[in-house]
Amino acid sequence: MNLLTIMQQLLSGMVITVEIFVFTLLFSLPLGLVVAFGRMSKNGLIKTITKVYISIMRGTPLMLQLIVVYFGPTYVFHIKIGAGYRMVAVIIGFTLNYAAYFAEIFRSGIESMEVGQYEAAHILGYTKVQTFAHIIFPQVIKRILPPVTNEVITLVKDTSLAFVLAVAEMFTIAKQIAAAQATVVPLMVGGVFYFIFNFVVAWGMEQIEKKLSYYR
Amino acid sequence: MELLRINHLKKSFGALSVIKDFSLAVNEGEVVSIIGPSGSGKSTILRCATMLEKMDGGDLIYAGKAAAKDEGMGSVYASKAELKEIQRTFGLVFQNFNLFPHYSVLRNVMEPPVMTGLMSKEEAKEVAMKRLSQLGLADKADAYPYQLSGGQKQRVSIARALALSPKILFFDEPTSALDPELTAEVLKVIKDLAAQKMTMIIVTHEMQFARELSDRIIFMEHGIVRAEGSPEDIFCSDDARVKEFIGKLNA
Ligand SMILES: Nc1ncnc2c1ncn2[C@@H]1O[C@H](COP(=O)(O)OP(=O)(O)OP(=O)(O)O)[C@@H](O)[C@H]1O
Ligand SMILES: [Mg+2]
Chain A
86 MNLLTIMQQL LSGMVITVEI FVFTLLFSLP LGLVVAFGRM SKNGLIKTIT KVYISIMRGT
146 PLMLQLIVVY FGPTYVFHIK IGAGYRMVAV IIGFTLNYAA YFAEIFRSGI ESMEVGQYEA
206 AHILGYTKVQ TFAHIIFPQV IKRILPPVTN EVITLVKDTS LAFVLAVAEM FTIAKQIAAA
266 QATVVPLMVG GVFYFIFNFV VAWGMEQIEK KLSYYR
Chain B
1210 MELLRINHLK KSFGALSVIK DFSLAVNEGE VVSIIGPSGS GKSTILRCAT MLEKMDGGDL
1270 IYAGKAAAKD EGMGSVYASK AELKEIQRTF GLVFQNFNLF PHYSVLRNVM EPPVMTGLMS
1330 KEEAKEVAMK RLSQLGLADK ADAYPYQLSG GQKQRVSIAR ALALSPKILF FDEPTSALDP
1390 ELTAEVLKVI KDLAAQKMTM IIVTHEMQFA RELSDRIIFM EHGIVRAEGS PEDIFCSDDA
1450 RVKEFIGKLN A
């Protein structure tokens, strides 16, 4: 088996890996912000619920969470699930997990903002929503970019965990070929793929950081 | 015309009674300075007057409209909509400026009138440029706050407050974060405003400035008014505490 065929076979897996990555970010970032609001809520119940949620998501393995999301509906509600649910379960599992991490990052960013910014905006007649959307949030984004970049890079590598639900992402296929052909080449190709993927991600994040470096 | 009236303001933080009884009436065009030792409650008065802090007791009335009324059961505030309306009467200049760092100087000044629906973008830009030129900042319009000196930052924050055309402007130690040279440029701006008959209430440690500028000076101590009167009354007061305080700061 030459390199080209190996790469061709890995290609479909790469598409799935990228899909897991994109959908997870797409859903977990907004959800993370919502959870962060819950975590900072004055309502004790909401605060406790989000706190427990975050500590479970951060305190147990993502792999286990994926298994629970996939098998949970069958065991708890006796719902028959189709094979199509595998990918959905992966996205849900990843989203729930990453939202917890992003929530803590958002929270630390929001709490780092000076009260003076809120007070100035209030005196100038901004509503609460305007203050958050126009004054606080843009500054929070700049502050949290480094920890968010860390999480995003971890996510690229975590996508390989989708194998537990037999979703054929790139690394799963690489392992299969490696086992069948008794060669480590597919695994090496896989490693290079992750490296390039992360290189692109880091470059993208750097561009955003540069774009926001116009102020201090 | 009476623009502001505070009757029997009371304010505590937990068990700590910070303002015991404070009353003040300010007419259009008047400049009132509030002086006094650290911790006497000067900032708390401004924060209550500008509704950043809720009063426990007393009335707060802007140009005849009650923001808060105390009928013996503590301060009761008007509806949200009424407060929003009343809020437009005044502006506040902070000790540490609180400019928006992600906005250029021009945007800092023109954004609030646009955001609050007071002006169109074009109008707001025109007003902002006019205010910035008045305060000698026209060439800084495209700069960002981090590129400015403290004095320039404070002038921008004054321009930002003025762009909303408030009837009263509050200042909480507008120069105490600045070194003497920069202090002078900010004090000059405030003097110019006084010359234009802007109604102002200024908390300051700059005694000479307060003396030259104010129609009235209030000396606060331990949450009560210890002395009040014209600059001459205060500076020639026989009250030992007032004498001591002024003497210390003039030395
Ligand atoms: N949010 C708060 N919570 C608790 N105590 C407060 C709060 N704000 C002010 N205080 C207390 O109230 C008292 C008066 O404070 P205030 O800031 O009004 O004084 P000040 O006259 O402005 O002093 P300075 O000249 O140092 O600015 C102080 O004892 C202060 O510790
Ligand atoms: Mg103060």
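Just so you know, the sequences run in chain order A and B. First residue of the first sequence? That's 86 in this note's numbering, and the numbers climb one at a time after it. First residue of the second sequence? That's 1210 in this note's numbering, and the numbers climb one at a time after it. Virtual Cβ for every residue (Gly too), placed ideally from N, Cα, C. Computed from a prediction, not measured in an experiment: that's the story for all the values here.
### Task
State yes or no: is the beta carbon of Leu-1212 of chain B nearer than 9 Å to at least one beta carbon in chain A?
Mapped onto the second sequence, residue 1212 of chain B falls at position 3. No, its Cβ sits nowhere closer than 9 Å to a Cβ of chain A.
### Query
So who's on the other strand from Gly-1266 of chain B, going by DSSP bridges?
In the second sequence, counting from the first residue as 1, residue 1266 of chain B sits at position 57. Looking at the DSSP assignment, Gly-1266 of chain B forms a beta bridge with B:Lys-1219.
#### Entry: Backbone secondary structure at Glu-1430 of chain B - three-state DSSP
Here the question's residue 1430 of chain B lines up with position 221 in the second sequence. Strand, per DSSP.
### Task
Just the C-alpha distance for Ile-1244 of chain B and Phe-1379 of chain B, rounded to the nearest angstrom, thanks.
Mapped onto the second sequence, residue 1244 of chain B falls at position 35. Mapped onto the second sequence, residue 1379 of chain B falls at position 170. If I take the Cα positions, the gap works out to 14 Å.
### Query
When Cβ atoms are compared, which residues of the segment 1339-1366 of chain B fall closer than 7 Å to chain A?
Tyr-1353 and Tyr-1355
### Query
With burial defined as no fewer than 16 other Cβ atoms inside 10 Å of the residue's Cβ, what is the status of Val-1241 of chain B: buried or exposed?
Counting from 1 along the second sequence, the entry for residue 1241 of chain B is found at position 32. The residue is buried, with at least 16 neighbouring Cβ atoms inside 10 Å.
### Task
Below 7 Å between beta carbons is the criterion; list the residues of the segment 1323-1339 of chain B that meet it against any residue of chain A, in chain order.
Met-1324 and Thr-1325
### Query
For Pro-223 of chain A, which residues in chain B fall below 8 Å Cβ to Cβ?
The residue given as residue 223 of chain A occupies position 138 in the first sequence. Near Pro-223 of chain A (Cβ distances below 8 Å), the residues of chain B are His-1311.
#### Entry: Bridge partner(s) assigned by DSSP for Ala-1234 of chain B
The sequence position of residue 1234 of chain B within the second sequence is 25, counting from 1. Beta-bridge pairing links Ala-1234 of chain B to B:Arg-1214.
### Message
Please determine whether the Cβ atom of Gln-1304 of chain B lies at a distance below 8 Å from any heavy atom of ligand 2.
### Response
Numbered from its first residue, the second sequence carries residue 1304 of chain B at position 95. At least one heavy atom of ligand 2 is nearer than 8 Å to the Cβ of Gln-1304 of chain B, so yes.
### Message
Following a CB-centred definition, is Thr-1384 of chain B positioned closer than 8 Å to any heavy atom of ligand 1?
### Response
By 1-based counting over the second sequence, the position of residue 1384 of chain B is 175. No - ligand 1 has no heavy atom lying nearer than 8 Å to the Cβ of Thr-1384 of chain B.
### Task
With DSSP collapsed to three states, give me the class of Tyr-1312 of chain B.
In the second sequence, counting from the first residue as 1, residue 1312 of chain B sits at position 103. Correct three-state label for Tyr-1312 of chain B: coil.
### Task
Round the Cβ separation of Ile-105 of chain A and Ala-247 of chain A to the nearest angstrom and send it over; I've been treating them as touching at under 8 Å.
Here residue 105 of chain A is taken as the residue at index 20 of the first sequence, counted from 1. Here residue 247 of chain A is taken as the residue at index 162 of the first sequence, counted from 1. That belief holds up - the Cβ atoms of Ile-105 of chain A and Ala-247 of chain A are roughly 6 Å apart, short of 8 Å.
### Query
What first and last residue would you give for the alpha helix (DSSP H) that runs through Thr-133 of chain A?
In the first sequence, counting from the first residue as 1, residue 133 of chain A sits at position 48. That run of the alpha helix (DSSP H) goes 129-144.
### Query
Got a sec: is the Cβ-Cβ distance from Ala-259 of chain A to anything in chain B below 9 Å?
The count along the first sequence starts at 1 and reaches residue 259 of chain A at position 174. No, Ala-259 of chain A lies away from the interface with chain B (no Cβ there is under 9 Å from its Cβ).
### Message
Does any residue of chain B have a CB that is nearer than 9 Å to the CB of Leu-230 of chain A?
### Response
For the purposes of this step, residue 230 of chain A is taken as the residue at position 145 of the first sequence. Leu-230 of chain A does not count as touching chain B.
### Query
Say the cut is 8 Å; is the CB of Val-200 of chain A nearer than that to a heavy atom of ligand 2?
As a position in the first sequence, residue 200 of chain A is number 115, starting the count at 1. Checking every heavy atom of ligand 2 against the Cβ of Val-200 of chain A, none is found closer than 8 Å.
### Query
Among the residues of its own chain, which have a CB less than 7 Å from the CB of Asp-1230 of chain B, if the five just before and after it don't count?
Your numbering for residue 1230 of chain B matches position 21 in the second sequence. Hits under 7 Å: His-1217, Lys-1219 and Ile-1433.
### Query
Quick one: what's Arg-1425 of chain B bridged to in DSSP?
The residue given as residue 1425 of chain B occupies position 216 in the second sequence. Answer is B:Val-1241, bridged to Arg-1425 of chain B.
### Query
Where Gly-129 of chain A and Lys-1278 of chain B are concerned, what is the direct C-alpha to C-alpha distance, given to the nearest angstrom?
What you label residue 129 of chain A is simply residue 44 of the first sequence in a count that begins at 1. What you label residue 1278 of chain B is simply residue 69 of the second sequence in a count that begins at 1. Taking the straight line joining both Cα atoms gives about 32 Å.
### Query
Any chance the CB of Ile-1254 of chain B is under 8 Å from a heavy atom of ligand 1?
In the second sequence, counting from the first residue as 1, residue 1254 of chain B sits at position 45. For ligand 1, at least one heavy atom lies less than 8 Å from the Cβ of Ile-1254 of chain B.
### chain B contact residues for Arg-143 of chain A, given Cβ-Cβ distances below 8 Å
Position 58 of the first sequence, counted from the start, is the residue given in the question as residue 143 of chain A. Residues of chain B passing the Cβ test: none, with the nearest at roughly 31 Å.
### Contacts around Leu-230 of chain A, its chain only, beta-carbon distance under 8 Å, and the 5 residues preceding and following it disregarded
The residue labelled residue 230 of chain A in the question sits at position 145 within the first sequence. Closer than 8 Å at the Cβ level, and outside the excluded window around Leu-230 of chain A, lie Met-290, Ile-293, Glu-294 and Leu-297.
### Query
So who's on the other strand from Thr-1408 of chain B, going by DSSP bridges?
To locate residue 1408 of chain B, count along the second sequence from 1; it is residue 199. DSSP output for Thr-1408 of chain B lists B:Ile-1377 as bridge partner(s).
### Task
Assign Leu-88 of chain A to one of two classes, buried (16 or more other C-beta atoms within 10 Å of its C-beta) or exposed (fewer than that).
The sequence position of residue 88 of chain A within the first sequence is 3, counting from 1. Classification of Leu-88 of chain A: exposed, given that the 10 Å Cβ count is below 16.
### Task
Consider the Cβ of Lys-1376 of chain B: report whether some Cβ of chain C lies at a distance smaller than 9 Å.
Although the question refers to chain C, the structure presented lacks it and instead comprises the protein chains A and B.
### Query
With 16 other CB atoms within 10 Å as the buried threshold, where does Phe-1222 of chain B fall?
Numbered from its first residue, the second sequence carries residue 1222 of chain B at position 13. Exposed, since its Cβ has fewer than 16 Cβ neighbours within 10 Å.
### Query
Is Arg-1435 of chain B helix, strand or coil when you go by DSSP?
For the purposes of this step, residue 1435 of chain B is taken as residue 226 along the second sequence, with counting starting at 1. DSSP places Arg-1435 of chain B in strand when its eight states are reduced to three.
### Message
Measuring only the C-alpha atoms, how far is Met-1416 of chain B from Leu-1458 of chain B?
### Response
On the second sequence, residue 1416 of chain B is found 207 positions in, with the first residue counted as 1. On the second sequence, residue 1458 of chain B is found 249 positions in, with the first residue counted as 1. Roughly 7 Å separates the two Cα atoms.
### Message
Quick check: what's the CA-CA separation for Glu-204 of chain A versus Ile-1270 of chain B?
### Response
Locating residue 204 of chain A in the first sequence gives position 119, where the first residue counts as 1. Locating residue 1270 of chain B in the second sequence gives position 61, where the first residue counts as 1. Distance between the alpha carbons of Glu-204 of chain A and Ile-1270 of chain B: 21 Å.
### Query
So is the beta-carbon of Gly-1267 of chain B under 8 Å away from any non-hydrogen atom of ligand 1?
Taking the second sequence and counting its residues from 1, one reaches residue 1267 of chain B at position 58. No - ligand 1 has no heavy atom lying nearer than 8 Å to the Cβ of Gly-1267 of chain B.
### Message
Against Leu-1462 of chain B, what residues of chain A qualify as contacts under a CB-to-CB distance less than 7 Å, listed in chain order?
### Response
This structure cannot speak to residue 1462 of chain B, because chain B is shown only from 1210 to 1460.
### Message
Within 9 Å of any Cβ in chain B, is that where the Cβ of Glu-204 of chain A sits?
### Response
On the first sequence, position 119 is the one that residue 204 of chain A refers to. Taking Cβ atoms only, chain B reaches closer than 9 Å to Glu-204 of chain A, which makes this a yes.
### Task
Evaluate Val-241 of chain A with the Cβ neighbour count: other Cβ atoms within 10 Å of its Cβ, from every protein chain shown; 16 or more gives buried, anything less gives exposed.
Stepping through the first sequence from its first residue, residue 241 of chain A is reached at position 156. When all chains shown are included, Val-241 of chain A counts as buried.
### Query
Closer than 9 Å, CB to CB, is Gly-129 of chain A near chain B or not?
Stepping through the first sequence from its first residue, residue 129 of chain A is reached at position 44. So no, Gly-129 of chain A is outside the interface.
### Query
Which same chain residues, not among the five before or five after Lys-136 of chain A, have their C-beta less than 6 Å away from its C-beta?
Here residue 136 of chain A is taken as the residue at index 51 of the first sequence, counted from 1. Here the set comprises nothing.
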